[in-house]
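Chains L and V, in that order, are what the protein sequence lines are. Note that our numbering has the first sequence beginning at 1, numbered continuously upward. Note that our numbering has the second sequence beginning at 314, numbered continuously upward. Each residue gets a CB set at the ideal place from its N, CA and C atoms; glycine is no exception.
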Amino acid sequence: MGKKAFLFPIVAYAVLAPLPFWLGEYYTHVLNMCFYYVIMAASWNLIAGYTGQFSLAHHAFAAMGGYTSALLVIHYQIPILLGIPCGGILAGAFGYFLGTLCLRMRAIYLGLSTWAFSESFRITLSMAYKLTRGDLGLSTPRLLETALAFPYYYIFLLLALVCLFIMYKIVHSRVGYYMRSIRDDEEAALTMGVDTVKWKRFVFVTSSFFAGIAGGFYAHYIGLLSPVSVDFNEMAILLIMVITGGLRTFVGPIIGAVSIELLSEFLREYGEIRMVLFAFLVIIIMRVNREGIVGIGKVILPKIKSVLPSRQL
Amino acid sequence: MPLLSIQNMSCGYFEGIDILRNVSIDVDQGSFTGIIGPNGAGKSTLLKAIFGFLHHSEGKIFFMEKETRRLSPFQIKKLGISYIPQGINNFPHMTVRENLLLGAWTFKREKDRIKKGLETVYDIFPVIFSKRNHKAEFLSGGEAKILSIAKEMISSPSLLLVDEPSAGLAPKIVSYVYEFLRRSRDEGITILLVDQNINQAIENSEYLYMLEMGSVAMEGGAQMFKENLRDIIRDSLIGT
Chain L
1 MGKKAFLFPI
11 VAYAVLAPLP
21 FWLGEYYTHV
31 LNMCFYYVIM
41 AASWNLIAGY
51 TGQFSLAHHA
61 FAAMGGYTSA
71 LLVIHYQIPI
81 LLGIPCGGIL
91 AGAFGYFLGT
101 LCLRMRAIYL
111 GLSTWAFSES
121 FRITLSMAYK
131 LTRGDLGLST
141 PRLLETALAF
151 PYYYIFLLLA
161 LVCLFIMYKI
171 VHSRVGYYMR
181 SIRDDEEAAL
191 TMGVDTVKWK
201 RFVFVTSSFF
211 AGIAGGFYAH
221 YIGLLSPVSV
231 DFNEMAILLI
241 MVITGGLRTF
251 VGPIIGAVSI
261 ELLSEFLREY
271 GEIRMVLFAF
281 LVIIIMRVNR
291 EGIVGIGKVI
301 LPKIKSVLPS
311 RQL
Chain V
314 MPLLSIQNMS
324 CGYFEGIDIL
334 RNVSIDVDQG
344 SFTGIIGPNG
354 AGKSTLLKAI
364 FGFLHHSEGK
374 IFFMEKETRR
384 LSPFQIKKLG
394 ISYIPQGINN
404 FPHMTVRENL
414 LLGAWTFKRE
424 KDRIKKGLET
434 VYDIFPVIFS
444 KRNHKAEFLS
454 GGEAKILSIA
464 KEMISSPSLL
474 LVDEPSAGLA
484 PKIVSYVYEF
494 LRRSRDEGIT
504 ILLVDQNINQ
514 AIENSEYLYM
524 LEMGSVAMEG
534 GAQMFKENLR
544 DIIRDSLIGT
């Protein structure tokens, strides 16, 4: 398994690398957004799916990473590639702070507190307009000298694969089991000798760090940041992606992020109605199978296999 | 000094309301000690206090001559105490083997010890071995209880706290569980058993404490409890 895990991202990179040559500029941009959402959805799944901490501040950490990096680059002229990790680290630090505040909270209380945090952050971004230019939006220097999606594709693809690889390693390690034990039964986890406080903080920090990094790359790709990115709709989209794809599964958020982002682009002309459609989709999926598309696949695939003529081994 | 020594300990779930008052209990190395008493006497609370789920307001708890004040459960586990709570506390979405590994990771750096622990547990509980790759949620009630016990045993504790092992189990499995506890004691594990089943507790323990309304009402050897069994059961039913 160890070698396979290493091989997979390399193969995936090689397979996905030629795509922009067929797709053209616009769809390459759509794919870049897909990669951004893949990182966001998968890192939110770490905290919500695997550890059971239903945080609603993930989009705020992404914006925090973006704004931090952009402001550092603009005001202190540091290189962008240094600014982005700084954004990630600050997001991770705030993740630690928020995680510590919410240690004793569960379910809806954790959700409400983290939501309150992200709303306060959004309002602060608007109010501190001297620094952030508020609702006017902050134009951010781009990572590359071009605004074309094509070269960024390779950066986002690489970033997404590296992030997913690290998350895969975490989820399949000892720590991954600690996370799941905390989700299933915190008291039982304590009985087993799991330092629940430490690992909950660890997950808050790690997932916020990933969000901060993704937010940083996003900011220096799009070239504009505004408090709208901390709107609850943004968190709702993440939630829809993870639940549609399959909460608590590793592949689920990846499938969910790509399919919802693509669907969202195809239905762009319908505007806000899309959210209604997505809401229906979530309700239907929760009714059919709580593990989303992955769960439905798990039910259907064996049936297809049993119908197909079996290969003799 | 005994392996575990509780001295004049008081504790409760809310400040100012103590469930246990001025409780003193000694558990000798290698012994099988029983705690009995009517419902609501504070038996389970006592185990929770020892394992660090509750912090005591007064008194002291010593384990291996070290005071355990303010330690968290995971730290107490590292000292060598394991706690088998009432009912079943497995992780349903993990396989049996993963449940066991979680129990073994207290010694994450000692791979040989983990491997040996797994082998020993498979040896003692063949049921667990045959179902090691099943998800824990698909085990029967008895198997699940055995897994709850097995995953505490894998860390080879010095002291095992057992809370009501017979609750909700078929009589056949109950006797299997007690036999296993006796065998563990023979192998050198000290056992502190809380039980509502007074007969079983007296049968298995060498020394017993009876709790009533949060205090120790009576203590002595198993023989003494056996002789006064009728009075004890009457007291415990009436709760006076």
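C-beta contact flag for residue i and residue j at 8 Å
i, j, result
"Y27 of chain L", "V171 of chain L", "no"
"C163 of chain L", "F210 of chain L", "yes"
"M192 of chain L", "L452 of chain V", "no"
"V409 of chain V", "I441 of chain V", "yes"
"F364 of chain V", "A188 of chain L", "no"
"A514 of chain V", "L524 of chain V", "no"
"T503 of chain V", "L316 of chain V", "yes"
"S479 of chain V", "N510 of chain V", "yes"
"L494 of chain V", "N517 of chain V", "yes"
"V230 of chain L", "A93 of chain L", "no"
"I401 of chain V", "K464 of chain V", "no"
"L225 of chain L", "T140 of chain L", "yes"
"Y37 of chain L", "E261 of chain L", "yes"
"H220 of chain L", "R142 of chain L", "yes"
"G355 of chain V", "G533 of chain V", "no"
"G252 of chain L", "V294 of chain L", "yes"
"A362 of chain V", "M407 of chain V", "no"
"L159 of chain L", "I39 of chain L", "yes"
"A60 of chain L", "L138 of chain L", "no"
"L238 of chain L", "W44 of chain L", "yes"
"A41 of chain L", "M241 of chain L", "yes"
Any chain L beta carbon closer than 8 Å to residue i
i, result
"N402 of chain V", "yes"
"Y396 of chain V", "yes"
"H447 of chain V", "no"
"F387 of chain V", "yes"
"E411 of chain V", "yes"
"P613 of chain V", "Residue coverage of chain V in this structure runs from 314 to 553, which leaves residue 613 of chain V outside it and unanswerable."
"M322 of chain V", "no"
"G430 of chain V", "no"
"M466 of chain V", "no"
"M377 of chain V", "no"
"L415 of chain V", "yes"
"P405 of chain V", "yes"
"K424 of chain V", "no"
Below-8 Å beta-carbon distance, residue i vs any chain V residue
i, result
"M1 of chain L", "Residue confidence for M1 of chain L is low, a pLDDT of 49 falling below 50, so the modelled location carries little weight and cannot support an answer."
"V194 of chain L", "yes"
"L247 of chain L", "no"
"A149 of chain L", "no"
"R106 of chain L", "no"
"R174 of chain L", "yes"
"T191 of chain L", "yes"
"Y177 of chain L", "yes"
"R180 of chain L", "yes"
"D185 of chain L", "yes"
"A188 of chain L", "yes"
"L313 of chain L", "Per-residue confidence for L313 of chain L stands at a pLDDT of 49, beneath the threshold of 50, marking its modelled position as unreliable; the derived number appears in the next sentence. Chain V contact via Cβ: absent."
Endpoints, beta strand (DSSP E) assigned at residue i
i, result
"Y326 of chain V", "Element bounds for Y326 of chain V: n/a, residue is neither H nor E."
"V340 of chain V", "L333 to V340"
"S395 of chain V", "I394 to I397"
"G501 of chain V", "Unbroken run through G501 of chain V: none, as it is neither H nor E."
"G347 of chain V", "F345 to I349"
"L473 of chain V", "L472 to D476"
"F278 of chain L", "Unbroken run through F278 of chain L is the alpha helix (DSSP H), I273 to V288; no beta strand (DSSP E)."
Option nearest residue i by Cα separation, candidates the options
i, options, result
"L473 of chain V", "V:G534, V:T408, V:S395 and V:G454", "V:S395"
"V228 of chain L", "L:D135, L:L81 and L:L16", "L:D135"
"G454 of chain V", "V:E378, V:V490, V:M537 and V:K429", "V:V490"
"M531 of chain V", "V:G347, V:L367, V:H368 and V:S471", "V:G347"
"G288 of chain V", "V:S357, V:Q342, V:P351 and V:S370", "Because chain V spans 314 through 553 in this model, residue 288 of chain V falls outside it and cannot be assessed."
"Q399 of chain V", "V:L367, V:M466 and V:E477", "V:E477"
"F250 of chain L", "L:A48, L:G65 and L:L7", "L:A48"
Alpha helix (DSSP H) segment containing residue i, residue limits
i, result
"K305 of chain L", "G292 to V307"
"V194 of chain L", "First-last for V194 of chain L: undefined, no H or E at that position."
"M526 of chain V", "Looking at the DSSP string, M526 of chain V is not in any alpha helix (DSSP H), and its letter there is neither H nor E."
"I78 of chain L", "Segment: none, I78 of chain L is in no alpha helix (DSSP H) and carries neither H nor E."
"D185 of chain L", "Where D185 of chain L is concerned, there is no enclosing alpha helix (DSSP H), given that its DSSP letter is neither H nor E."
"G455 of chain V", "G454 to M466"
Any C-beta of chain B under 8 Å from that of residue i
i, result
"K390 of chain V", "Although the question refers to chain B, the structure presented lacks it and instead comprises the protein chains L and V."
Are there three or more Cβ pairs, one per stretch, closer than 8 Å when the stretch 87-105 of chain L is compared with the stretch 228-248 of chain L? Contact between the stretch 87-105 of chain L and the stretch 228-248 of chain L is absent, because fewer than three Cβ pairs lie under 8 Å.
Could you tell me whether the stretch 177-188 of chain L touches the stretch 116-136 of chain L, using the rule of 3 or more Cβ pairs below 8 Å? Under the 8 Å Cβ criterion, the stretch 177-188 of chain L does not count as touching the stretch 116-136 of chain L, having fewer than three qualifying pairs.
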